[in-house]
Structures are given as C-alpha cells and as structure tokens.
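Residue numbers (the working numbering): 720 to 1073.
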C-alpha cells in the first residue's frame, strides 16, 4: 500500500476471487464456471466482422442486446439494463441506492462482494444471520427503512433458494427499500422473480452470462427492473463507464440468446450431474444442502474440511473453502462434467480411506 491511497480505503478488504492457478493442470471445481463451451453461434460471433470494428466505440445503449433479452423474457427493452458482468451491475446499484444514510441489508453467509461494496461506498451494513439450516428468514427483511436489500437467490455458497413469493413479501414488506434478487444461479433449478417486475416498483432482478451461458470470460451481465430504476442505473453507468461492454461481448451476448436452447440443455445436464454426484457424496457420508445452483455445498464428519480441501488439491482437484464461522468445514464444489465429477468422487473415496 502506498502513502497516496485515500485513508478511507486503508482497511478495505478486497474480494478474493477463486484461485486461477497456472503451475499445473487441475480439474477446476472452484469458481462455478460451466463445463461446457459456448455455443457455435457465439463462437462465430466472436470471430465475426465485429473484430474489424474495434477501432470504433461499442453502442453504449446496448440496444440490440437489450431487445433480444427483453424478447426472450417477455419484457420491454426499457426494463433491461446491460452491464460488464453482474458484479458491475451490483457495484452500480450500491452506488445508486445505498449510502451512509441508506444501509445495505444482506445475510451473514452470502456472496462476499456485498461486504466489499458496502465498505467501498461507505455504506452502513445491517447483516442478518441465516437460520441454523442456512435458510434465509424473509421476516428479517420486512419493515426496513430506506436502503438496499441484496439477496443472492439461490444463495451462495449454500445453494438454497427462496421462492418468488418470499421475495415479493420482502418487496411489499419494505416498500422504501430497493430489493435485488441476485439470480446468478437461478437457471440450475430455482424459480426466477422476473415475472414480478411488472408489479413491484422496488425490485431488481440481476442475471449473468457467466454461469449458465458459459461466458464467464466475456464479462456480461444484465438486470430487470421498472423503467425508472433502469434510468437510475444508467445514470450511474453513463457517469462512470458508458462503454463498459465491448463490441465482441455484445455480439456474443446476442448470439447466445439466439442459441438459448443449447444453454438450457446444458443446464439440464448440469442439474443431472449435480444430483448424481450428490447421491455419491451422501454414500460417502457427506452432509449436503439442497443446492439449486451449479455447485454442491458439502461437509464430512470423517475429516476436517481444510484437510479434504488440501488433499484434493494435491490430487489436482480444486474446490472452494471459506474460513468464515459456521461454514469452515464445508466445501463448495462446482458441478463439472460427468467425468470430472467421477474423478472427484474417486479422489474423495481415496482420501477418506487413507
């Protein structure tokens, strides 16, 4: 840290991304990436004539992609916001709707970036503990004053989901708060809240291309909300980085919508692999949550989580582990290909029998 850094950031703890090692080849089950490649249409779009136009700025309004996304989900383009990843959208939302006077509200065990954004923007944070079974209690988020409620749904790293009815109750119970349903993992078995956009003025539904659409490396996110909230988000976007989504990513995003059935089929495969692997882990004595995401959240009573994590790494398999109280014994395991999950299962059998 240099002496020039603004003092309010001196104790900022940055978000820690999942490990991206280069020292050897690993089976990567630690960052919730898709095991399947982008569609043929996306690959063609990436190699299209857009590359010849890189000397020109991209469309800051992302109008063509907005239109395709709106058509797919049955909304108007004015209800769609496009961003450089869902993280970018969340950062903009914290800027727009949270402050030292308008707190951010979120669970104690959830996506780690919420805490970082709160600190970064000088936002007061009110954190509610999950229940003993790791579920979110909707009552905690009702009757709140102005601010920003952020709920990853399904939650990370637990994989547990609230119903749209519960999200609606939160929106109605705290009408002066913006409520974000962060649906990064919703395509793997949970129910989306997009259908509520037309009736709830304080709801934002946040989505990403990173998980179910095999484009984590492209950095593309989108959100749904009322026309007025979209205008708020775009005011911040155009005041900071209006060209945040590049030409090639826009083209890839449009092509992915055209190939949506390919991605839906991949989601079905991932769900099937998740359920099969979950049954295998239960046979090995693991305790699992009922994940509706593209990962499994599991612990074993036979060995400490840290030891299993380290032994898997020695065997060339990366998973994610968190030091946070209550979940330090758990491993978050991305659902990879069937072959990768078979390799994981065999490695765990060896580890537990040593």
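Even for Gly, the Cβ is constructed at its ideal location relative to N, Cα and C.
Opening and closing residue of the beta strand (DSSP E) in which residue i lies
i	result
residue 871	866-871
residue 826	823-826
residue 940	940-943
residue 1053	1050-1053
Limits of the alpha helix (DSSP H) - the one that residue i falls within
i	result
residue 782	782-792
residue 927	Residue 927 -> not in any alpha helix (DSSP H); beta strand (DSSP E) instead, spanning 922-927.
residue 977	966-977
residue 802	That residue, residue 802, is in no alpha helix (DSSP H); its beta strand (DSSP E) goes 799-802.
residue 762	759-765
residue 951	946-959
8 Å contact criterion, which residue i and residue j should meet: CB distance rounded
i	j	result
residue 1063	residue 1036	6 Å
residue 777	residue 966	4 Å
residue 899	residue 867	7 Å
residue 1031	residue 1066	6 Å
residue 943	residue 924	4 Å
residue 1028	residue 1003	About 15 Å separates the two Cβ atoms, so there is no contact after all.
residue 837	residue 978	With a Cβ gap of about 37 Å, residue 837 and residue 978 do not count as contacting.
residue 751	residue 1053	5 Å
Environment of residue i [buried if 16+ CB atoms lie within 10 Å]
i	result
residue 1045	exposed
residue 893	buried
residue 1019	buried
residue 725	exposed
residue 762	exposed
residue 902	buried
residue 1005	buried
residue 791	exposed
residue 723	exposed
residue 720	exposed
residue 962	exposed
residue 936	exposed
Neighbour flag for residue i against chain D, beta carbons, 8 Å
i	result
residue 953	No chain D appears in the structure shown, which is made up of a single protein chain.
> Can you list the beta strand (DSSP E) stretches of 3 or more residues lying completely in the region 996-1035, in chain order?
Replying inline: List check, beta strand (DSSP E) in window: 1005-1007 and 1014-1019.
>> Taking 8 Å as the cut-off, does the region 822-829 touch the region 799-807 (at least 3 CB pairs, one atom from each stretch)?
In response: Judged by pairs of C-beta atoms under 8 Å, the region 799-807 does not touch the region 822-829, as fewer than three such pairs exist.
> Given 8 Å as the limit, is there contact between the region 981-991 and the region 907-914, that is, 3 or more CB pairs closer than that?
Replying inline: In the pairwise beta carbon analysis, the region 981-991 is classified as touching the region 907-914: at least three pairs are separated by under 8 Å.
> Should the region 928-948 be called in touch with the region 805-817, which here means at least 3 C-beta pairs below 8 Å?
Replying inline: The region 928-948 makes contact with the region 805-817: 3 or more CB pairs, one atom from each, lie closer than 8 Å.
>> Runs of 3 residues minimum, wholly inside the region 841-923: which ones carry the beta strand (DSSP E) assignment?
In response: DSSP runs (the beta strand (DSSP E)) wholly in the region 841-923: 844-847, 866-871 and 896-901.
>> When you compare the region 775-789 with the region 968-977, are there three or more beta-carbon pairs, one atom per stretch, that lie closer than 8 Å?
In response: Touching, yes.
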